[in-house]
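> Using our numbering, you'd call the opening residue of the sequence shown number 272 and step up by one each time. Have a look at this one.
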Amino acid sequence: MKPWKITSLYYGEITGAKSFITPGIDSDVTIASPYIGFLLQNGEENILVDNGIHESNIVDGKAWGGLPAKGGNRYVLDALAKEGLKPSDIHKVLYTHLHNDHAGGALLFKDTPSYFQLDEYKNLQNQLPSQKIRSDYDPRTPGDVAQLSDVYLIDGDFFMPNGLELYKTPGHTLGSMVIVVPTEKGRYVITGDMPHYSYSLFPLLDEMQLLDGSRTAITPMPQYLPFMFNTVIYDHWAAFASFNRIKALAEKFEPEYFLTGHDPWVIVRHTFG
Ligand SMILES: [Zn+2]
C-alpha cells in the first residue's frame with residue numbers, strides 16, 4: 272500500500288468567541304477559525320475531504336451563528352489551484368459530515384464519486400429543531416446532494432482498498448465520520464468536527480496557534496478531562512464513545528496526529544506525513 276501525503280486546504284474563515292466551543296472559558300478570546308478541507312495524495316489518486324461553505328450561505332458577510340465569515344466556491348477553486356489542481360483532477364470526495372461549512376462546494380464535484388455516512392444523509396433529511404434553528408445544515412445541501420451522480424452511502428466503518436480507513440463517529444451529527452490516513456510518519460486522523468479543535472481532545476493544552484502563525488495563551492481545562500464537549504454535540508453518550516474511539520485510531524495520542532475541523536494550526540502547518 273502506498274503511503275499518503277496530506278495537505279490542508281484553506282476555504283475561508285469564521286470569526287467568533289472561543290467560548291462558543293469552551294463555554295465559560297476564555298470568553299474574552301476571539302478566534303478566526305478556518306473552514307478546512309484536505310487533499311490526500313498517494314501518487315495515484317487525488318482525494319478531497321470536504322468542500323467548505325457555499326457563498327449563498329454567507330449573508331451580509333455573516334454565516335452560522337451570525338458570525339462574520341468569508342468563503343465560497345471561489346476559495347475551494349483557489350485552494351486546489353495552489354496545489355496545481357482543478358475539480359476534474361479529484362478522483363473521490365469524502366465528507367466528514369454534511370454541515371453547511373463542509374459540503375458547500377458539493378456541486379463543483381457533481382460527477383465525482385462521493386462518500387458519506389448513510390446516517391449523515393438521514394440527519395440531513397430529518398434535522399433536530401436545534402440543528403434547524405442554527406442552520407447547521409445549509410438549506411441548499413439536500414438539493415445539492417440529490418444532484419450528485421455517484422454517491423457511496425457508507426453504513427458504519429469502511430476500509431478503502433487504497434488504505435484509507437473511514438470510521439463512523441456520531442456525536443456532533445448522527446453520521447459524522449473520521450478518516451484515518453496512513454502516511455510515512457504514521458497514522459493521522461482527519462476528525463471533521465469530532466472535534467473542532469485540538470483542545471477539545473487535549474483539555475490541558477495551554478496555548479494555541481492562530482491563522483497568522485502566532486501563538487496565544489489559552490486556559491487549560493482539567494475539569495473537563497478527558498474531553499471537552501461543546502454546544503454543538505447532539506448526543507453526548509455517542510460523542511463520548513466516539514472520542515474514546517478516535518483516541519485509539521492515531522499513531523499516538525498527541526495533537527500532531529489529530530487534524531481537527533477548524534483549528535488554525537492545521538492550516539498554518541499545511542502538510543502532514
Ligand atoms: Zn459541523
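Even glycine gets a Cβ: it sits at the ideal position worked out from N, Cα and C.
Any idea what DSSP makes of E391, helix, strand or coil?
Position 120 of the sequence shown holds residue 391. If DSSP states are grouped into helix, strand and coil, E391 belongs with the helices.
> Assuming A510 and F500 make a contact with CB atoms under 8 Å, what is their CB distance in whole Å?
By 1-based counting over the sequence shown, the position of residue 510 is 239. By 1-based counting over the sequence shown, the position of residue 500 is 229. So it is a contact: roughly 6 Å between Cβ atoms.
> For the region 416 to 481, list the alpha helix (DSSP H) runs that are entirely contained and at least 4 residues long, ordered along the chain.
Counting whole runs of 4 or more residues, the region 416 to 481 contains the alpha helix (DSSP H) stretches 469 to 472.
> Straight-line CA distance for L554 to I318?
This structure leaves residue 554 out entirely; the chain is present only between 272 and 544.
> Cβ atoms of P493 and L472: under 8 Å apart, would you say?
As a first step, residue 472 must be located in the sequence shown, where it is residue number 201. As a first step, residue 493 must be located in the sequence shown, where it is residue number 222. Taking 8 Å as the Cβ cut-off, L472 and P493 do not qualify as a contacting pair.
> What residues in its chain sit with their C-beta under 8 Å from that of K456, if we drop five residues either side in the sequence?
For the purposes of this step, residue 456 is taken as residue 185 along the sequence shown, with counting starting at 1. Excluding sequence neighbours, K456 sits near E522, F543, G544.
> In chain order, what residues place their C-beta within less than 5 Å of a heavy atom belonging to ligand 1?
This criterion selects H370, D464.
> Tell me which residues share the same chain as H507 and place their Cβ nearer than 7 Å to its Cβ, disregarding the 5 neighbours each side in the sequence.
Working through the sequence shown from its first residue, we reach residue 507 at position 236. Result list for H507: F500, in chain order.
> Is the region 384 to 404 touching the region 332 to 352 in the sense that three or more CB pairs, one from each, lie closer than 8 Å?
With a cut-off of 8 Å, the region 384 to 404 and the region 332 to 352 do not count as touching, because too few Cβ pairs lie within range.
> With V537 as the anchor, note down where its alpha helix (DSSP H) starts and where it stops.
Taking the first residue of the sequence shown as position 1, residue 537 is located at position 266. From DSSP, the alpha helix (DSSP H) with V537 extends over 535 to 540.
> Which class does S406 belong to by DSSP, given the choice of helix, strand or coil?
Along the sequence shown, read from residue 1 onward, the residue named residue 406 stands at position 135. S406 falls in the coil class under three-state DSSP.
> If you pair each beta-carbon of the region 325 to 344 with each one of the region 358 to 366, do three or more pairs fall below 8 Å?
No, because fewer than three Cβ pairs between the region 325 to 344 and the region 358 to 366 fall closer than 8 Å, the two stretches do not touch.
> Using only the alpha-carbon positions, how far apart do S447 and D299 sit?
Working through the sequence shown from its first residue, we reach residue 447 at position 176. Working through the sequence shown from its first residue, we reach residue 299 at position 28. Rounded to whole angstroms, S447 to D299 spans 30 Å at the Cα level.
> Cutting at 8 Å between CB atoms, please list the residues of its own chain near R486, excluding the five before and the five after it.
The residue given as residue 486 occupies position 215 in the sequence shown. Same-chain partners within the cutoff: E478, M479, Q480.
> Can you tell me whether V503 is helix, strand or coil according to DSSP?
Counted from its first residue, the sequence shown places residue 503 at position 232. Residue state, collapsed to three classes: coil.
> Classify N344: buried if its beta carbon has 16 or more other beta carbons within 10 angstroms, exposed otherwise.
For the purposes of this step, residue 344 is taken as residue 73 along the sequence shown, with counting starting at 1. N344 is buried by the Cβ-count criterion.
> Can you list the alpha helix (DSSP H) stretches of 4 or more residues lying completely in the region 506 to 530, in chain order?
Within the region 506 to 530, the complete alpha helix (DSSP H) runs of at least 4 residues are 507 to 518.
> Does the distance from the CB of Y366 to the CB of V460 come in under 8 Å?
What you label residue 366 is simply residue 95 of the sequence shown in a count that begins at 1. What you label residue 460 is simply residue 189 of the sequence shown in a count that begins at 1. Taking 8 Å as the Cβ cut-off, Y366 and V460 do not qualify as a contacting pair.
> Spatial neighbours of M272 within its chain, please: CB distance less than 8 Å, with the 5 preceding and 5 following residues excluded, ordered by chain position.
On the sequence shown, residue 272 is found 1 positions in, with the first residue counted as 1. Cβ neighbours of M272 beyond the five flanking positions: N433, G434, P453.
> Any idea if K393 is buried or exposed, counting beta-carbon neighbours within 10 angstroms, 16 or more meaning buried?
Position 122 of the sequence shown, counted from the first residue, corresponds to residue 393. Exposed: under 16 other Cβ atoms inside 10 Å.
> Residue ranges of each beta strand (DSSP E) run of no fewer than 3 residues wholly in the region 315 to 400, ordered along the chain?
With a minimum length of 3 residues, the continuous beta strand (DSSP E) runs that stay inside the region 315 to 400 are 317 to 320, 340 to 342, 363 to 365, 385 to 388.
> Report buried or exposed for G375, applying the criterion of at least 16 other Cβ atoms within 10 angstroms of its Cβ.
On the sequence shown, residue 375 is found 104 positions in, with the first residue counted as 1. Looking at its Cβ environment, which holds 16 or more other Cβ atoms inside 10 Å, G375 is buried.
> Compare the beta carbon distance of L280 and G314 with 8 Å and say whether it is the shorter of the two.
In the sequence shown, the residue the question calls residue 280 occupies position 9. In the sequence shown, the residue the question calls residue 314 occupies position 43. No.
> Taking the alpha-carbon positions, what's the W536 to H443 distance?
In the sequence shown, the residue the question calls residue 536 occupies position 265. In the sequence shown, the residue the question calls residue 443 occupies position 172. Using only the alpha carbons, I get a separation of about 21 Å.
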